[in-house]
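Numbering (our numbering), first residue to last: 16 to 147.
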């Protein structure tokens, strides 16, 4: 996952964020092959009051577009693109200088003509804060 976030100057506890995601998982058992997911969301981040200066909780929601393709051995591949909605929350862990760590859990649902694909990604990593 790759993301970019910013904070509008007029709203101190709200930010904007754009995320891109790519994932590929194997299919095993009766259907060998793989599933590929490519897409992104644009959303709003609400920074919540925290208990301490080093941990900052937040909520996130967004809309986006994702493509889901399934490749199976011996069968025709399928590919669908649809509108996605995401929501979740996380913790920013304040570090040294502009660096910070984060942990985050989200729910993403991708709506296509073939139904819905639901994901529950868990993310952890490092980010660089904006200088303003």
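Quick reminder that beta carbons are idealized off the backbone N, C-alpha and C, glycines included.
>> With three or more C-beta pairs closer than 8 Å as the rule, is the stretch 56-67 touching the stretch 31-47?
In response: By the Cβ test, the stretch 31-47 is in contact with the stretch 56-67, since at least three Cβ pairs between them sit closer than 8 Å.
> On the three-state DSSP scale, how would you describe residue 135?
Replying inline: The residue you call residue 135 lines up with position 120 of the chain shown. DSSP places residue 135 outside both helix and strand once states are collapsed to three, so it counts as coil.
>> So for residue 64, helix, strand or coil by DSSP?
In response: Taking the first residue of the chain shown as position 1, residue 64 is located at position 49. Here residue 64 sits in coil by DSSP.
> Identify the residues that DSSP records as bridge partners of residue 55: which are they?
Replying inline: For this step, residue 55 is matched to residue 40 along the chain shown. Per the DSSP secondary-structure output, residue 55 pairs in a beta bridge with 35 and 80.
> Is DSSP giving residue 91 helix, strand or coil here?
Replying inline: Counting from 1 along the chain shown, the entry for residue 91 is found at position 76. When DSSP states are grouped into helix, strand and coil, residue 91 belongs to the coil group.
> With 16 as the cutoff for other CB atoms within 10 Å, does residue 147 come out buried or exposed?
Replying inline: Translated into positions along the chain shown, residue 147 becomes position 132. Residue confidence is low: residue 147 scores 47 on pLDDT, short of 50, so the model does not pin down where it sits. Its coordinate-derived value is still stated next. Counting every other CB atom within 10 Å of its CB across the protein chains shown gives residue 147 a total below 16, marking it as exposed.
> For residue 110 versus residue 116, is the C-beta spacing smaller than 8 Å?
Replying inline: Position 95 of the chain shown, counted from the start, is the residue given in the question as residue 110. Position 101 of the chain shown, counted from the start, is the residue given in the question as residue 116. The Cβ-Cβ distance between residue 110 and residue 116 falls below 8 Å.
>> Does the contact criterion of 3 or more C-beta pairs under 8 Å hold for the stretch 93-108 versus the stretch 66-73?
In response: These segments touch.
>> Mapping the DSSP letters down to three states, classify residue 28 as helix, strand or coil.
In response: Locating residue 28 in the chain shown gives position 13, where the first residue counts as 1. Under the three-state reduction of DSSP output, residue 28 falls in the coil class, being neither helix nor strand.
> What residue from 124, 28 and 139 has the CA that sits closest to residue 133's CA?
Replying inline: Here residue 133 corresponds to residue number 118 of the chain shown, with the count starting at 1. The residue with the shortest Cα to Cα distance from residue 133 is 124.
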